[in-house]
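Mapping of the sequence shown onto UniProt numbering: position 163 corresponds to residue 163, and the numbering continues sequentially without gaps. Even glycine gets a Cβ: it sits at the ideal position worked out from N, Cα and C. It should be emphasised that the depicted structure is a prediction, and the values quoted were computed from it without experimental measurement.
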Amino acid sequence: MAGEINEVKLLGMWASPYMARVKLALHIKDVSYEYVEEDLTNKSELLLRSNPVRNMVPVLIHDGKPICEPQVIIQYIDEAFAPAGKALLPADLYERAVARFWAAYIDDKVLPPWEMILKAKTDEERAEWAKQTFGAMDALEDGFRKCSMGKGFFGGDDVGYLDVLLGGMVPWLYATDREDLWPQLL
Numbered sequence: 001m002a003g004e005i006n007e008v009k010l011l012g013m014w015a016s017p018y019m020a021r022v023k024l025a026l027h028i029k030d031v032s033y034e035y036v037e038e039d040l041t042n043k044s045e046l047l048l049r050s051n052p053v054r055n056m057v058p059v060l061i062h063d064g065k066p067i068c069e070p071q072v073i074i075q076y077i078d079e080a081f082a083p084a085g086k087a088l089l090p091a092d093l094y095e096r097a098v099a100r101f102w103a104a105y106i107d108d109k110v111l112p113p114w115e116m117i118l119k120a121k122t123d124e125e126r127a128e129w130a131k132q133t134f135g136a137m138d139a140l141e142d143g144f145r146k147c148s149m150g151k152g153f154f155g156g157d158d159v160g161y162l163d164v165l166l167g168g169m170v171p172w173l174y175a176t177d178r179e180d181l182w183p184q185l186l
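This is the structure we're talking about:
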């Protein structure tokens, strides 16, 4: 409701792995929010006004103030709604730095070639981008095996920041398998 303290609205697009990350973080932190599905081919005035630099989703609007960029939004949720649930980022400074390193790796090395699979014009191009994606995922898996130390989640005993980032990729798994959805993603 307008004017209510802690009003939270999420502008997103169902297949966006970045939006899914934010949605996961909100659910883990047990934050109630209004979800607004955006048509990225016909962006709403609210989206354009809330993210005037990139005009992209996701955008979290908390008490009328927009927060943009998925990793920034997730860190904001972790800090703004701390009493509502467990922390997503580790308390230990070194472990937090390691989590941020792997977060950057995911966004810089895993997602770009995966996105190119969707944009590839030929099967050969698609195969090359898939090879790069799988190579990046292999390195990620090796790194996580070392970082998780046998725990159930990348964040330790509970779901954490990296679990949220990777969990947000699930819609792309579905969409990658459905070529008819690719135009909505690009």
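Query: Near the ligand MG: LEU40 beta-carbon under 8 Å from a heavy atom; Result: In the structure on display, the ligand MG does not appear, and there are no ligands present to speak of.
Query: Contacting residues, own chain, Cβ-Cβ under 6 Å from TYR76 (five flanking each side not counted); Result: ILE67
Query: Limits of the unbroken alpha helix (DSSP H) element including ILE28; Result: 17-28
Query: For LYS86, the first and last residue of its enclosing alpha helix (DSSP H); Result: First-last for LYS86: undefined, no H or E at that position.
Query: N- and C-terminal bounds of the beta strand (DSSP E) containing ILE67; Result: 65-68
Query: DSSP-derived helix/strand/coil call for TYR94; Result: helix
Query: 6 Å CB neighbourhood of GLY167 in its chain, flanking five on each side removed; Result: LEU24
Query: Sufficient close CB pairs (3 or more, under 8 Å) joining the region 135-147 to the region 93-111; Result: yes
Query: Bounding residues of the alpha helix (DSSP H) (the contiguous stretch that carries GLY167); Result: 161-167
Query: Simplified DSSP state of VAL53, which is helix, strand or coil; Result: coil
Query: TYR18 classed as buried or exposed, judged by whether at least 16 other C-beta atoms fall within 10 angstroms; Result: buried
Query: DSSP three-state assignment for LYS43, whether helix, strand or coil; Result: coil
Query: Under 9 Å between C-beta atoms of VAL159 and ILE28; Result: yes
Query: Among LEU162, ALA127, ALA120, TRP114, the one whose alpha carbon lies nearest that of SER16; Result: TRP114
Query: Selection from ILE61, PHE134, TRP14, LEU93 that minimises the alpha carbon distance to PRO112; Result: PHE134
Query: Chain-order list of residues whose beta-carbon lies under 6 Å from that of ALA20 (same chain, five-residue window excluded); Result: GLY168, PRO171
Query: Exposed unless 16 or more other CB atoms sit within 10 angstroms - verdict on TYR94; Result: exposed
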